[in-house]
Amino acid sequence: MTAAEQHETIEDSPVGWVAKHIQRYVETDGADGGTYQGVPSLLLTTRGRRTGALRRTALMYGRDGDNHLLVASNGGADKHPAWYLNLSADPAVEIQVGAERFAGRARTATGEERARLWPVMTKVFPTYERYQKGTNREIPLVVIERAPRKESTGN
Numbered sequence: 001m002t003a004a005e006q007h008e009t010i011e012d013s014p015v016g017w018v019a020k021h022i023q024r025y026v027e028t029d030g031a032d033g034g035t036y037q038g039v040p041s042l043l044l045t046t047r048g049r050r051t052g053a054l055r056r057t058a059l060m061y062g063r064d065g066d067n068h069l070l071v072a073s074n075g076g077a078d079k080h081p082a083w084y085l086n087l088s089a090d091p092a093v094e095i096q097v098g099a100e101r102f103a104g105r106a107r108t109a110t111g112e113e114r115a116r117l118w119p120v121m122t123k124v125f126p127t128y129e130r131y132q133k134g135t136n137r138e139i140p141l142v143v144i145e146r147a148p149r150k151e152s153t154g155n
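With UniProt numbering applied, the sequence shown corresponds to residues 1 to 155, in that order.
Below, the structure written as structure tokens:
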């Protein structure tokens with residue numbers, strides 16, 4: 001996110017319990033809300049593909065080295081969640097993990113990478129396997145890579 005974007009209003013998930021989770025997370029820098037059902041939780045901010053507005057949601061995550069992993073399960077529904085459609089249109093995202101906030105770039109894992117990472121995420125949240133078996137779509141596994149930090153010019 002650019003400096004100008006940092007001052008834009010962020011619209012939190014319209015789902016009541018998710019919005020409350022986000023509010024607790026933000027107010028406590030993740031001390032309350034940093035886990036959900038015992039699983040690590042982060043905040044993901046994307047740019048709305050139709051509105052251009054910043055959208056924030058709370059998601060369970062896993063790790064692969066320095067990368068953060070997300071599963072676009074949508075509770076096993078037959079359609080992708082809005083956050084996934086947004087980052088597919090614009091892969092520049094911001095995530096908050098605890099008190100740390102940083103820009104990242106999202107991409108969908110495919111082929112061998114997805115095959116390697118799927119068990120990582122089903123270990124984090126085993127229900128993903130049931131979700132996958134219950135839908136005809138391949139549930140996307142998203143890799144968030146930290147955006148390179150901009151060097152200060154020192155002027």
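Every residue gets a Cβ at the ideal spot worked out from N, C-alpha and C, and that includes glycine.
Anticipated Cβ contact below 8 angstroms, residue i with residue j, distance rounded
| i | j | result |
| --- | --- | --- |
| residue 158 | Ser73 | The chain is shown only over 1 to 155; residue 158 falls outside these bounds and no answer can be derived. |
| Arg146 | Gly104 | 5 angstroms |
| Asn86 | Arg49 | 5 angstroms |
| Asp11 | Leu54 | One detail in the question is off: residue 11 reads as Glu in this sequence, not Asp. Confirmed, Cβ separation roughly 7 angstroms. |
DSSP state of residue i mapped onto helix, strand, coil
| i | result |
| --- | --- |
| Arg114 | helix |
| Ile22 | helix |
| Thr51 | coil |
| Ala3 | Note that Ala3 has pLDDT 40, beneath the 50 cutoff, so the model's placement of it is unreliable and the number below is only indicative. Correct three-state label for Ala3: coil. |
| Asn136 | coil |
| Glu100 | strand |
| Glu8 | coil |
| Gly75 | helix |
| Arg130 | helix |
For residue j and residue i, the rounded distance between their alpha carbons
| i | j | result |
| --- | --- | --- |
| Leu62 | Thr9 | Reading off the sequence shown, one finds Gly at residue 62, where the question assumed Leu. Their backbone Cα atoms lie some 28 angstroms apart in a straight line. |
| Thr46 | Arg107 | 13 angstroms |
| Val143 | Val120 | 12 angstroms |
| Ser57 | Gly16 | It is Thr, not Ser, that sits at residue 57 in the sequence shown. So the two alpha carbons sit approximately 11 angstroms from each other. |
| Lys123 | Leu117 | 10 angstroms |
| Ile139 | His80 | 8 angstroms |
is_contact[residue i, chain D] using C-beta, thresh 8 angstroms
| i | result |
| --- | --- |
| Asp29 | Given the protein chain composition of this structure (a single chain), no chain D is represented. |
Start-to-end residues for the alpha helix (DSSP H) that takes in residue i
| i | result |
| --- | --- |
| Ser13 | Element bounds for Ser13: n/a, residue is neither H nor E. |
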